[in-house]
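Asks: First, the structure itself, so that you have it in front of you.
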Amino acid sequence: MVADVAQVAGRVSGGAPPRRASGARRAARLDALVGLAFVSPVVIGVIVLGLVPFGFVIWYAMHEWTPLIGQFDWVGLDNFSRLAADDAVRSSFVTTFQFAALLMVLNISLAMALALLLNQRLRGITTFRTFFFSPMVVSAVAWVVVWNYLVASNGGINGFLSVLGIDGPNWLRDPSWALVTLVVIQVFKGVGMNMILFLAALQGVPAELKESARIDGASPRRIFRSITLPLIAPTILLVTMITMIGAMDVFVPIQIMTQGGPGDSTMVISYLLYRTAFEQQDFGYASAIGVLLFVVVLGLAALQWSTRNRWVHDEV
Amino acid sequence: MRSETLPAAPETRPRPAPSPSAARARRRGLLTKVVLYGLLVVMSVPFLYPTLWMLFSAFKPVDEIFAVPPSLLPRDWTLDGVSKIFTVTPFARQYLNSLYIAVVVTIGSIIVCSIAGYAFARIRFPFAGKLFLVLMSGMMIPGEVTIIPIFRWVADLGWMDTHLPLIIIPIFGPASIVGVFIFRQFFLSLPQELEEAGRLDGLGRLGIFLRIAFPLSGPAIAAVAIMKFLASFNMYFEPLIFLRSEELFTVGLALTRYQDSYGEPLHNTQIGATALTVVPILLVFLFAQRQFVEGLSRTGLKG
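From first to last, the protein sequence lines stand for chains D and S. Under this note's numbering, the residues of the first sequence are numbered 51 to 366, in order. Under this note's numbering, the residues of the second sequence are numbered -16 to 286, in order.
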């Protein structure tokens, strides 16, 4: 800015002292160097550790690659046609979609319910906000290790149920319960974040609008539907997208609690990818799975984004 | 402390109370309150119980952990499990590994993110827009996919079973992009006059950043520090891929290895070790809630 002023001043006065103008140009050039130097660590890092590896994954996906025996052969699109015919991959995507859909429904409705509860004017309400948010700071591993005990067949949950005379299932070893159990555990871990985002949005709704609707005789439900909901729609869209992206690459609870089982009832795609690469050493095929996962997540996010005009009137 | 975590609830104006039925309205108000508190208490159980159960079960004898009916508090308090935390596995070593890696990652990330955020907010330099786009596109790339070539390179460099990839990748890789955005946003909101004053005092670019801009960026530093410290201390996937030797493990990996590896059950020891990794962070969270919410809520968001 000072450099600009000096340059303009020099131009206006015509015969400005050349030393000053060149000083300004030197300052601008120095600025350019400092700017490039400042951004280069992260820009180079992101290129080397993000963009280039992603390019390599696409390249690897066209190879049959097993490092253990030193094999690396070009196979073109074979891995992708193998993907299309692979029942394990197809069922894994179905499992992942089920997991993500159930998690999104439970997480977002619970987050909204908690946010509405916390938006009431009650003494001590912030304490409850702390409670609901606290699992967010507990590590994923710790949360899963503890729940592993609680949902064991002879664990705390079934202990409580047996007191009530209910014979609880073996949550993680029963194919019809394992995925649901994992979803519930994940929801309690992460719902606090969405709750906070919804709460901030709810508190941003002008009280005057709700008040004047009330004076006009609108019921609380009508006020929520016609005023609150449209105003927080951008947040709902954002939260839906973040939750979906997070759910699509769930890994820690699967790896620690079920290893994809029982059967393949919790074999989500990110765990299948991990196994294919790091346990079966089939890196080429794993890369192809990774590319497909990326395309699917991107496609789903774009799909959600494209619906925004229909229900989000505000700009996000 | 707690009330400042978020903007206070919006003021609800006193409603024009219908005077004849005022008493009934008040009674209904009381009933609503009771229902609301009841809901809040019931809803708190699944959020609090696991943490409390963990704290108390560390002091239970092994056979009490699966006792029926279950109880939160130990019937016989014992230090049996807790006393073995540091002896059955090199847990002290593993804890120190996690701590030092997290500290290095936090400090490194603050440096890398603050200078880049400052440059994008304040300095005019060539290709600024294009380089910013590079960062934006880097955010979309899923880490569990790019780990495959990175694994290959780490092996080629001879860095397998070392802490180097666990330090370098989070500092310089896509995980730092959000930190850059947080700092950029902060420096954009910093009054330009402060820097002009520094310039008039003869400070150069570097001096302005080091002496004026960076020292004023406390809130951004806190948010990025919490975000990166937690991400590093709690990491699981990367150590699982890169580490093999027990004494190099980080806590996340270490906690899962109490199962099956020994003849005798070590449930209370595992639970105690888990509590040791969670409690310090929970305590800091209680005193710096606003910064935690700030730091964590940006991890999923762009900008």
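Note that CB positions come from ideal geometry on N, CA and C, so glycine has one too.
Give the single residue among S:Met26, S:Pro57 and S:Trp36 whose Cα lies nearest to the Cα of Val201 (chain D).
Replies: S:Trp36
Asks: Can you tell which of D:Val98, D:Arg75, D:Trp109 and D:Arg79 has the C-alpha that lies nearest to the C-alpha of Ala336 (chain D)?
Replies: D:Trp109
Asks: Is the number of C-beta pairs between the stretch 137 to 150 of chain D and the stretch 310 to 321 of chain D that are closer than 8 angstroms three or more?
Replies: yes
Asks: So, with DSSP's three-state summary, where would you put Thr233 (chain S)?
Replies: coil
Asks: Find out if the Cβ-Cβ distance for the pair Met210 (chain S), Thr233 (chain S) is shorter than 8 angstroms.
Replies: no
Asks: Compare the C-beta of Thr89 (chain S) with all C-beta atoms of chain D and state if any pair is closer than 8 angstroms.
Replies: no
Asks: Give the single residue among S:Arg58, S:Phe220 and S:Leu38 whose Cα lies nearest to the Cα of Val44 (chain S).
Replies: According to the sequence displayed, residue 44 (chain S) carries Pro and not Val. When only C-alpha atoms are compared, the closest one is S:Arg58.
Asks: How far does the alpha helix (DSSP H) with Glu114 (chain D) in it reach, from first residue to last?
Replies: That residue, Glu114 (chain D), is in no alpha helix (DSSP H); its beta strand (DSSP E) goes His113 to Thr116.
Asks: At a CB-CB cut-off below 8 angstroms, which residues of chain D make contact with Met37 (chain S)?
Replies: What Met37 (chain S) touches in chain D: Ala192 and Val196.
Asks: Taking 8 angstroms as the threshold, find out whether the stretch 258 to 267 of chain S comes into contact with the stretch 179 to 193 of chain D through three or more Cβ pairs.
Replies: yes
Asks: The alpha helix (DSSP H) spanning Gln272 (chain S) covers which residue range?
Replies: Gln272 to Ser280
Asks: Would you please verify whether the beta carbon of Thr239 (chain S) is less than 8 angstroms from any beta carbon of chain D?
Replies: yes
Asks: Assign Phe270 (chain S) to buried or exposed, taking buried as 16 or more other Cβ atoms, counted over all protein chains shown, within 10 Å of its Cβ.
Replies: exposed
Asks: Measure the C-alpha to C-alpha separation of Ser212 (chain D) and Thr285 (chain D) and round it to an integer number of angstroms.
Replies: Linking Ser212 (chain D) to Thr285 (chain D) through their CA atoms gives a straight-line distance of about 42 angstroms.
Asks: In terms of alpha-carbon separation, which member of S:Leu249, S:Gly255, S:Phe212 and S:Pro29 lies closest to Ala85 (chain S)?
Replies: S:Phe212
Asks: With a 10 Å radius around its C-beta and 16 neighbouring C-beta atoms as the bar for buried, classify Leu229 (chain D) as buried or exposed.
Replies: buried
Asks: Distance, Cα to Cα, Phe183 (chain D) vs Ile292 (chain D)?
Replies: 17 angstroms
Asks: Taking 8 angstroms as the threshold (beta carbon to beta carbon), is Met143 (chain S) in contact with chain D?
Replies: no
Asks: Keeping to the same chain, check which residues put their C-beta closer than 6 angstroms to that of Asp332 (chain D); ignore five residues upstream and five downstream.
Replies: Thr326
Asks: Would you tell me roughly how many angstroms separate the C-alpha atoms of Leu252 (chain D) and Leu281 (chain D), rounded to the nearest one?
Replies: Each residue's alpha carbon lies about 8 angstroms from the other.
Asks: How should Val17 (chain S) be labelled, buried or exposed, when 16 other C-beta atoms within 10 angstroms of its C-beta is the threshold for buried?
Replies: exposed
Asks: Short of 7 angstroms in beta carbon distance, which residues of its chain neighbour Gln274 (chain S), apart from the five on each side in sequence? Order them along the chain.
Replies: Ala205, Ala206 and Ile209
Asks: What's the C-alpha gap between Asp303 (chain S) and Ser203 (chain D)?
Replies: What is shown of chain S runs -16 to 286, which leaves residue 303 (chain S) out entirely.
Asks: Verify whether the separation of the beta carbon atoms of Val96 (chain D) and Gly156 (chain S) is less than 8 angstroms.
Replies: yes
Asks: Flag Phe238 (chain D) as yes if its beta-carbon sits less than 8 angstroms from any beta-carbon of chain S, otherwise no.
Replies: yes
Asks: May I have a chain-ordered list of the alpha helix (DSSP H) segments no shorter than 4 residues that lie completely inside the stretch 178 to 202 of chain D?
Replies: 190 to 200
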